[in-house]
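Below is one structure; the comments refer to it alone.
Protein chains: 2
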Amino acid sequence: MFIDLLIEKIKEKNNPTVAGLDPQLDYIPSYIVEKYKNKSVDFFEACAGAIYEFNTTIIDSICDLVPAVKLQLACYEMYGVQGMACFQKTIRYAKDKGLLVIADGKRNDIGSTAKAYSAAYLGKTNAGGLEYSVFDVDALTVNPYLGYDGIEPFIEDCKKYGKGIFVLVKTSNKSSGQLQDVNTQDGRFIYEIIADYVNKWGSELTGKYGYSSVGAVVGATYPEQAFELRKLMKSSYILVPGYGAQGGTARDAAKSFNKDGLGAIVNSSRGIMCAYKSEKWRGIFNEDSFGNAARAEVIDMRDKLNNEIDRLKSC
Amino acid sequence: MFIDLLIEKIKEKNNPTVAGLDPQLDYIPSYIVEKYKNKSVDFFEACAGAIYEFNTTIIDSICDLVPAVKLQLACYEMYGVQGMACFQKTIRYAKDKGLLVIADGKRNDIGSTAKAYSAAYLGKTNAGGLEYSVFDVDALTVNPYLGYDGIEPFIEDCKKYGKGIFVLVKTSNKSSGQLQDVNTQDGRFIYEIIADYVNKWGSELTGKYGYSSVGAVVGATYPEQAFELRKLMKSSYILVPGYGAQGGTARDAAKSFNKDGLGAIVNSSRGIMCAYKSEKWRGIFNEDSFGNAARAEVIDMRDKLNNEIDRLKSC
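If you read the sequences in order, they're chains A and B.
Residue numbering for the first sequence is 704 to 1018, as defined by my numbering.
Residue numbering for the second sequence is 704 to 1018, as defined by my numbering.
Quick look at the structure:
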């Protein structure tokens, strides 16, 4: 099942870092973009070609170091049908390199439609007795605004196909509190109510390490809430966005871990993809060595996170 | 701007019905599916071909009667890259027939990612000084769980490109209350808090008829809440799902209209697409006349809605 595979890969690589492949064309070295612009008359085909070369180089550079990659669907949808083809090819490439793949789509809808989304990402599409996997990722992020019957189809496919979901609980953005921090009549915040649902929804998907394939998204930018949510959702794996470019530190991200050193994966997207042009790595890497820059950043992030996790274990 | 165009088309056709093109392969007459199965060895290509023929026949049959179609993204994503190509082609076909197109994607993410979603559906994707429309629909449904900074990029594109959004407020599914009906400390339900945000977010997008291009989704399956929300969001157009197959009646849907006869559009998907095999039209239509069946259902729905709207006006 997803959560056991994830934990085994984290242990094998001694790294809870997830590399976010959320490419935008201006993240990509200009010599790659130029190459595909010259190759193709179609704008989106050129973009998709450049993104795929960029993605696969990053994957090659870090696949021995990270357990998983996270692909932000919006960044592929914005390049149209060719973008979606690039999304699909990147998933296959990453899986061939032994990585788990999380699609960050924050999908949500009523039951019958959630079933279609789940078929697209976790399950299979069937027609007339034939069944085919579509994008076939290992896990998908989902939005809980519609309640359980919009989540259930994903959970059914998690059971059937050994997949996972991460439910948005407390997101990393600055206005996440407008809804998520609303205080309810029973004294709980909305994010605490959703946390309780995550526990309930994940109860039948607990794996051999005591964690469930129904995880939660809790941003590194809210370390206090993360600390509290860690205690509330004891058996949920927490996907932590907001590290690096969004301002979250390793110490902030560590709030989402348990004392067993497990319980969370920390995503960095821009920090890894754009390492080659960051202040931090200036003078060491350049456009031509963007893969090595990504690798250096992943190692640095891994070590910082492991330091914080070690502190936590010894407390 | 979107909302003015929508109102003008509603007036022109005297019909607030939106036809939902949420195709699943088992909605489609078997002779069409067989034809494409025989034509193509690729499963998804065959599915996309059958869906496109089905969609365009439905559009041809009803384009003089309805102001808009609503395409459920999940139903295209489940057929992979070819499904997304079919989505794109259907959008173009519908626009060529003078219809407004709403993409039902319930998209949501943090600001920088919401910007990518908005580029994909409402705005343009740009790179190196070049700018291209991607799926280029007239309006998109969005999920408010992340608060304003996840909504703002869509609103910016609504202003810039004359587009619209519909924010989920009270959805039609049975468990929508798990989060949306939670009572908060100030005595309001969550859906009322979101309704207030919709008013605020839409305040700069009001058109010449007094309605805003920031609309709301309120299910026909919750007529009492719809009645209350209608009063709370005076200048929002309400997209009403849940009519027909989900149990909502014309009288239920009418709760979302104002006394001016405007203020809402009512979606029916299965009811229209599958009219040819419904109990209601049995013996009158069959597989070969699925387009005529859709047309008959649209006319019936239009008349039922207009009857209720007339009652409302005379109250």
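Just so it is clear, CB atoms sit at the ideal spot from N, CA and C, and this is done for glycine as well.
Kindly indicate the opening and closing residues of the alpha helix (DSSP H) around B:R1014.
-> As a working note, residue 1014 of chain B is residue 311 in the second sequence. Residues 993-1017.
In its own chain, which residues sit with a C-beta less than 7 Å from the C-beta of A:D707, not counting the 5 before and 5 after it?
-> In the first sequence, the residue the question calls residue 707 of chain A occupies position 4. G910, K911, Y912.
Rounded to a whole number of angstroms, what is the C-alpha to C-alpha distance between A:G880 and A:S972?
-> Along the first sequence, one-based indexing puts residue 880 of chain A at 177. Along the first sequence, one-based indexing puts residue 972 of chain A at 269. Whole-angstrom Cα-Cα distance: 23 Å.
Got a sec: is the Cβ-Cβ distance from A:N1010 to anything in chain B below 8 Å?
-> Within the first sequence, the letter at position 307 stands for residue 1010 of chain A. It does not: the Cβ of A:N1010 has no partner Cβ on chain B nearer than 8 Å.
Name the residues in the stretch 773-805 of chain A whose C-beta lies less than 7 Å from a C-beta of chain B; which are they?
-> Q775, A777, C778, E780, M781, Y782, G783, V784, M787, A788, Q791
Exposed unless 16 or more other CB atoms sit within 10 angstroms - verdict on B:I987 = By 1-based counting over the second sequence, the position of residue 987 of chain B is 284. With fewer than 16 Cβ atoms within 10 Å of its Cβ, B:I987 is classed as exposed.
Determine the burial state of A:K983: buried for a count of at least 16 other Cβ atoms within 10 Å of its Cβ, exposed for fewer.
-> Along the first sequence, read from residue 1 onward, the residue named residue 983 of chain A stands at position 280. Exposed, since its Cβ has fewer than 16 Cβ neighbours within 10 Å.
Reduced DSSP category for A:R891 - H, G, I as helix; E, B as strand; rest coil = Translated into positions along the first sequence, residue 891 of chain A becomes position 188. Three-state DSSP puts A:R891 in coil, outside helix and strand.
Any alpha helix (DSSP H) of 4 or more consecutive residues that is wholly inside the stretch 799-883 of chain B = 814-824, 855-864, 880-883
Closer than 7 Å at the beta carbon, the chain B residues around A:T828 | Taking the first sequence and counting its residues from 1, one reaches residue 828 of chain A at position 125. Under the 7 Å cutoff, chain B gives M781, Y782.
Using a threshold of 8 Å, state whether the C-beta atoms of B:D807 and B:K773 are closer than that.
-> Sequence index remark: in the second sequence, residue 807 of chain B carries index 104 (1-based). Sequence index remark: in the second sequence, residue 773 of chain B carries index 70 (1-based). A contact, by the Cβ cut-off of 8 Å.
Simplified DSSP state of B:Q727, which is helix, strand or coil = Counting from one through the second sequence, the residue named residue 727 of chain B turns up at place 24. Three-state DSSP puts B:Q727 in coil, outside helix and strand.
Below-8 Å beta-carbon distance, B:T952 vs any chain D residue = No chain D appears in the structure shown, which is made up of the protein chains A and B.
Quick one: what does DSSP say A:T924 is sitting in, helix, strand or coil?
-> Against the first sequence, residue 924 of chain A aligns to sequence position 221. Looking at A:T924 - three-state DSSP - the assignment turns out to be coil, as it is neither helix nor strand.
With DSSP collapsed to three states, give me the class of B:K716.
-> On the second sequence, residue 716 of chain B is found 13 positions in, with the first residue counted as 1. Helix.
Counting Cβ pairs closer than 8 Å, one from the stretch 830-847 of chain A and one from the stretch 885-897 of chain B, do we hit at least three?
-> no
Would you list the one or two residues that DSSP bridges to A:A967?
-> Translated into the one-based positions of the first sequence, residue 967 of chain A becomes position 264. A:A967 pairs with A:I941.
State the start and end residues of the unbroken alpha helix (DSSP H) segment that holds A:K773.
-> As a first step, residue 773 of chain A must be located in the first sequence, where it is residue number 70. It is not in any alpha helix (DSSP H) - A:K773 instead sits in the beta strand (DSSP E) that spans 771-775.
The alpha helix (DSSP H) with B:C750 in it runs from where to where?
-> Counted from its first residue, the second sequence places residue 750 of chain B at position 47. Segment 746-765, the alpha helix (DSSP H) holding B:C750.
Buried or exposed: which applies to B:D955, given that a residue is buried once 16 or more other Cβ atoms fall within 10 Å of its Cβ?
-> As a position in the second sequence, residue 955 of chain B is number 252, starting the count at 1. So B:D955 ends up on the buried side.
Would the C-beta of B:F869 count as close to the ligand GTP, meaning under 7 Å from any of its heavy atoms?
-> With respect to the ligand GTP, the structure offers nothing, as it holds no ligand at all.
Identify each residue in the stretch 928-945 of chain B for which the Cβ-Cβ distance to at least one residue of chain A is less than 7 Å, and report them in chain order.
-> none
Pair within 8 Å by beta-carbon distance, B:A1020 and A:M787 = Look at the range of chain B in this structure, 704 to 1018, and you will see that residue 1020 of chain B is not part of it.
Chain-ordered chain B contacts of A:T874 [CB-CB under 7 Å] = Working through the first sequence from its first residue, we reach residue 874 of chain A at position 171. Within chain B, the residues near A:T874 are I813, L849.
With B:K740 as the anchor, note down where its alpha helix (DSSP H) starts and where it stops.
-> Within the second sequence, numbered from 1, the residue matching residue 740 of chain B stands at position 37. 733-742 is the span of the alpha helix (DSSP H), which, as asked, contains B:K740.
Listed by chain order, chain A residues near B:K877 by CB distance under 7 Å = If you number the second sequence from 1, residue 877 of chain B lands on position 174. Here the neighbours are D852.
Would you please state the rounded distance, in angstroms, between the beta carbons of B:V845 and B:I868? I believe it to be under 8 Å.
-> Translated into the one-based positions of the second sequence, residue 845 of chain B becomes position 142. Translated into the one-based positions of the second sequence, residue 868 of chain B becomes position 165. Contact flag correct, Cβ pair sits at about 5 Å.
Please classify B:S972: does DSSP put it in a helix, a strand, or coil?
-> For the purposes of this step, residue 972 of chain B is identified with residue 269 of the second sequence, where counting begins at 1. Note: B:S972 maps to coil in three-state DSSP.
For the alpha helix (DSSP H) that contains B:A957, what are its first and last residues?
-> For this step, residue 957 of chain B is matched to residue 254 along the second sequence. Segment 953-957, the alpha helix (DSSP H) holding B:A957.
Within 10 angstroms of its Cβ, does B:R795 collect 16 or more other Cβ (buried), or is it exposed?
-> As a working note, residue 795 of chain B is residue 92 in the second sequence. B:R795 comes out exposed.
Could you tell me the distance, in whole angstroms, from the CA atom of B:A997 to the CA atom of B:C977?
-> Numbered from its first residue, the second sequence carries residue 997 of chain B at position 294. Numbered from its first residue, the second sequence carries residue 977 of chain B at position 274. One C-alpha to the other measures close to 7 Å.
Give the residues from the stretch 729-760 of chain A that approach chain B closer than 8 Å (Cβ to any Cβ), ordered along the chain.
-> D729, V736, K740, F746, F747, C750
Which residue or residues does DSSP assign as beta-bridge partners of A:N989?
-> Numbered from its first residue, the first sequence carries residue 989 of chain A at position 286. In the DSSP output, where bridge partners are listed per residue, A:N989 has none listed.
By Cβ distance, which residues of its chain are closer than 6 Å to B:V721, with the 5 residues on each side in sequence left out?
-> In the second sequence, the residue the question calls residue 721 of chain B occupies position 18. So the list reads A771, K773, I968, N970, once near-sequence residues are dropped.
Could you check if B:D963 is buried or exposed, using at least 16 other CB atoms within 10 Å of its CB as the buried criterion?
-> One-based indexing of the second sequence puts residue 963 of chain B at position 260. Classification for B:D963: exposed.
Taking Cβ-Cβ distances below 8 Å as the criterion, which residues of the stretch 856-868 of chain A are in contact with chain B?
-> none
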